[in-house]
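Under numbering that gives the first Met the number 0, the sequence shown has 393 at position 394, and the numbering climbs by one with no breaks. Below you'll find the structure, written out as structure tokens, and then a few comments.
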Amino acid sequence: MQLIDTANTFDLVIIGGGVTGAGVFHEAVNMGLKAILLEAKDFSWGTSSRSSKMVHGGLRYLKEGKFLLTRSAVRERERLLKTYPGLVNPLNFLMPIYKDHGPSKSSMKIGLSIYSFLAGQKQHQSFTKNQTLEFIPQIRKDNLVSSVGFKDAQVDDARLVLRLINDGCLAGGVALNYTKVIGIERDKKGHVAAINALDTQTGHTAELKTKAVINATGAWAEQFHPSPEKRHHLRPLRGSHLIFPKSILPLDRVISFAHPNDLRPAFMFPWNGCNILGTTEVDHENNLDKEPFVTEDEASYLIDGLQFILPGLDITLKNCVASIAGIRPILSKKKKKASKESREHVVWEDKGLVTVTGGKLTTFRILALDALNAAKKYLPKHLETKHLKTKSGKKAPKPDMTPDMNPEMNLDFPNISENIRQRLYGRYGQMAGEILKNNDDKSFSPIANTSSLWVEISHAAQHENIHNLSDLMLRRVRIGLFLPHGGKAYLDKIEKICKPFLSWDQERWANEKTIYINLWQKYYSPPNGRK
Ligand SMILES: Cc1cc2nc3c(=O)[nH]c(=O)nc-3n(C[C@H](O)[C@H](O)[C@H](O)COP(=O)(O)OP(=O)(O)OC[C@H]3O[C@@H](n4cnc5c(N)ncnc54)[C@H](O)[C@@H]3O)c2cc1C
Numbered sequence: 000m001q002l003i004d005t006a007n008t009f010d011l012v013i014i015g016g017g018v019t020g021a022g023v024f025h026e027a028v029n030m031g032l033k034a035i036l037l038e039a040k041d042f043s044w045g046t047s048s049r050s051s052k053m054v055h056g057g058l059r060y061l062k063e064g065k066f067l068l069t070r071s072a073v074r075e076r077e078r079l080l081k082t083y084p085g086l087v088n089p090l091n092f093l094m095p096i097y098k099d100h101g102p103s104k105s106s107m108k109i110g111l112s113i114y115s116f117l118a119g120q121k122q123h124q125s126f127t128k129n130q131t132l133e134f135i136p137q138i139r140k141d142n143l144v145s146s147v148g149f150k151d152a153q154v155d156d157a158r159l160v161l162r163l164i165n166d167g168c169l170a171g172g173v174a175l176n177y178t179k180v181i182g183i184e185r186d187k188k189g190h191v192a193a194i195n196a197l198d199t200q201t202g203h204t205a206e207l208k209t210k211a212v213i214n215a216t217g218a219w220a221e222q223f224h225p226s227p228e229k230r231h232h233l234r235p236l237r238g239s240h241l242i243f244p245k246s247i248l249p250l251d252r253v254i255s256f257a258h259p260n261d262l263r264p265a266f267m268f269p270w271n272g273c274n275i276l277g278t279t280e281v282d283h284e285n286n287l288d289k290e291p292f293v294t295e296d297e298a299s300y301l302i303d304g305l306q307f308i309l310p311g312l313d314i315t316l317k318n319c320v321a322s323i324a325g326i327r328p329i330l331s332k333k334k335k336k337a338s339k340e341s342r343e344h345v346v347w348e349d350k351g352l353v354t355v356t357g358g359k360l361t362t363f364r365i366l367a368l369d370a371l372n373a374a375k376k377y378l379p380k381h382l383e384t385k386h387l388k389t390k391s392g393k394k395a396p397k398p399d400m401t402p403d404m405n406p407e408m409n410l411d412f413p414n415i416s417e418n419i420r421q422r423l424y425g426r427y428g429q430m431a432g433e434i435l436k437n438n439d440d441k442s443f444s445p446i447a448n449t450s451s452l453w454v455e456i457s458h459a460a461q462h463e464n465i466h467n468l469s470d471l472m473l474r475r476v477r478i479g480l481f482l483p484h485g486g487k488a489y490l491d492k493i494e495k496i497c498k499p500f501l502s503w504d505q506e507r508w509a510n511e512k513t514i515y516i517n518l519w520q521k522y523y524s525p526p527n528g529r530k
């Protein structure tokens with residue numbers, strides 16, 4: 000659907016198609032609101048496709064005494080694991096303990112006991128030095144004492160955004176990508192009356208009438224509403240990751256360690272058939288509207304960490320297949336050390352414009368409920384808003400539909416493995432039944448050595464608002480991040496699969512491929528190989 004095809008009056012307009020906006024949209028539609036979400040670029044193009052993909056309580060926040068933040072995040076983790084199996088999956092962490100480096104065994108034990116307590120069950124255990132070496136023989140042995148293991152969870156961040164948006168659209172909401180909000184209009188008393196939007200693909204503009212706007216634009220939030228507190232502004236902090244093929248080290252858990260240069264938490268984790276190494280925290284000075292990218296300095300910092308913790312592997316940037324950087328929406332009071340800045344979210348309300356920013360991917364629903372709560376007085380009165388009374392997760396929010404409430408989950412597909420079924424239901428919700436019914440067994444084969452399936456390419460082309468090849472390669476089916484050269488070798492096959500659904504002629508396909516490969520080379524390739 001395009002901007003000019005939409006109705007022009009809405010109960011609520013949501014600006015920003017990252018996880019926060021998608022969470023607000025999903026809740027709003029389920030409350031019965033006539034809601035529209037507008038995203039300037041592609042859904043999840045901002046930070047929400049560039050995170051470390053962890054659904055976690057944030058063990059490090061305990062050290063800073065942020066018990067409430069950790070508690071609500073741990074609760075959200077448990078809720079997300081139940082609601083979206085196959086999309087949000089349990090993930091084991093291993094943290095080696097050294098005599099001369101990083102946190103001590105006793106401090107880790109205290110932290111993890113509190114973490115388990117907040118989760119309501121024991122989720123950690125200690126391992127001897129020998130057990131640690133059995134798990135990861137290449138781990139640094141000098142002064143290794145033992146290790147601790149604990150459980151958190153992992154998600155495909157961009158797919159979580161898409162799942163929330165797709166479910167919201169199936170329930171009657173409207174979501175448009177490549178539609179930028181260019182202005183907010185107010186009446187004589189200063190109340191929000193309408194927004195102006197620009198379809199960036201066609202150049203069309205439209206005015207949408209509304210009394211309530213939720214500004215969920217993350218690091219961009221101050222474009223619509225400057226922070227009401229003096230000297231309390233968004234500080235864009237870049238975080239970067241390097242991506243390696245799984246063949247360098249077949250990891251089945253996260254290795255979490257203190258970086259040797261500055262003792263910041265660092266990690267390498269398995270994801271979708273590759274290993275990801277992260278992350279950095281540096282001030283982002285570049286234009287926020289341009290794709291962020293990993294600098295060579297960040298890359299060498301990350302490689303230093305990897306060589307320290309896995310000295311036996313001799314990994315260098317030459318082994319890296321891709322890189323990705325994202326911008327944390329951090330509210331900074333007085334430019335503290337980057338890692339000490341608060342991860343908590345804020346909600347500002349101004350006569351119908353509610354701004355919500357900060358926070359984490361894990362706690363998106365808490366941000367959504369807090370924002371809707373602040374917008375309540377501008378929304379129609381008859382709505383089911385009881386559960387909005389909860390603030391910051393103090394009471395358990397109304398649950399989403401869990402898979403066992405979905406009868407389609409029980410359909411029998413004898414040739415499809417349980418893993419694939421779960422993956423499809425987690426990512427595509429109600430649409431998974433259609434995917435399973437309408438495709439032959441061959442379509443369910445994986446793309447190269449990744450966990451992505453060929454069937455996901457045709458599904459995305461058919462149903463998921465693809466405007467550019469990069470939408471497909473980087474955010475719907477994320478093979479541009481784990482295949483060599485951004486998956487260049489597969490582009491002809493992808494063209495063949497997508498052709499019936501995308502109505503791009505020969506020339507458009509040729510252009511899309513060139514634009515995508517140039518974009519990948521400039522912003523997502525290993526930082527030492529850029530042209
Ligand atoms: C390196 C890194 C690692 C992280 N790891 C984790 C993790 O492991 N776990 C976790 O829980 N959290 C993590 N986070 C934090 C988490 O990713 C963010 O808090 C979250 O993604 C922010 O989502 P958002 O929707 O608020 O912002 P975004 O995802 O940035 O979305 C905002 C959107 O608004 C759009 N927009 C801007 N202006 C306009 C306009 N005028 N009109 C329409 N749209 C507009 C942008 O294009 C953008 O897509 C990480 C963050 C970073 C940077």
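All C-beta atoms, glycine included, are put in the ideal place defined by N, C-alpha and C.
List the endpoints of the continuous alpha helix (DSSP H) containing residue i.
i	result
residue 363	363-374
residue 500	490-501
residue 458	453-462
residue 516	505-518
residue 298	295-308
residue 434	430-437
residue 207	Premise fails: residue 207 lies in the beta strand (DSSP E), 204-208, not in any alpha helix (DSSP H).
residue 109	104-118
residue 419	417-427
Measure from the C-beta of residue i to each C-beta in chain C and report whether the shortest distance is under 8 Å.
i	result
residue 152	In the structure shown, chain C cannot be found, because there is only a single protein chain.
Closest to residue i by C-alpha separation, out of the options, would be which residue?
i	options	result
residue 513	241, 484, 459, 498	484
residue 522	497, 473, 490	473
residue 33	216, 39, 24	24
residue 136	312, 115, 495, 434	312
residue 454	496, 488, 417, 448	496
residue 155	199, 206, 215, 53	53
residue 413	435, 321, 424	435
residue 439	428, 452, 290	452
residue 186	352, 443, 314, 121	352
residue 358	299, 448, 233	233
residue 74	250, 285, 117	117
residue 356	126, 329, 335	329
residue 269	252, 277, 281, 279	252
residue 547	340, 450, 354	Residue 547 is absent from the model: the chain starts at 0 and stops at 530.
By DSSP's criteria, residue i is part of a beta bridge. Which residues make up the other side?
i	result
residue 97	143
residue 329	234
residue 277	240, 266
residue 123	149
residue 354	214, 347
residue 254	93, 267
residue 63	The partner list for residue 63 (beta bridge, DSSP) is empty, contrary to what the question assumes.
residue 445	452
residue 196	180, 205
residue 23	BP columns for residue 23 are empty, so no partner.
residue 53	153
residue 191	185
Do residue i and residue j have their C-beta atoms closer together than 8 Å?
i	j	result
residue 236	residue 139	no
residue 196	residue 204	yes
residue 202	residue 426	no
residue 331	residue 94	no
residue 501	residue 198	no
residue 480	residue 321	yes
residue 224	residue 210	no
residue 367	residue 26	yes
residue 47	residue 360	yes
residue 264	residue 59	yes
residue 337	residue 179	no
residue 164	residue 36	yes
residue 176	residue 363	no
residue 295	residue 525	no
residue 259	residue 288	no
residue 152	residue 88	yes
residue 69	residue 61	yes
residue 192	residue 184	yes
residue 51	residue 344	no
Tell me whether residue i counts as near ligand 3, meaning its Cβ is closer than 7 Å to at least one heavy atom of that ligand.
i	result
residue 347	For ligand 3, the structure offers nothing, since it holds only ligand 1.
In terms of residue numbering, what span does the beta strand (DSSP E) encompassing residue i cover?
i	result
residue 181	178-185
residue 248	Careful: residue 248 lies outside any beta strand (DSSP E) and carries neither H nor E.
residue 337	Unbroken run through residue 337: none, as it is neither H nor E.
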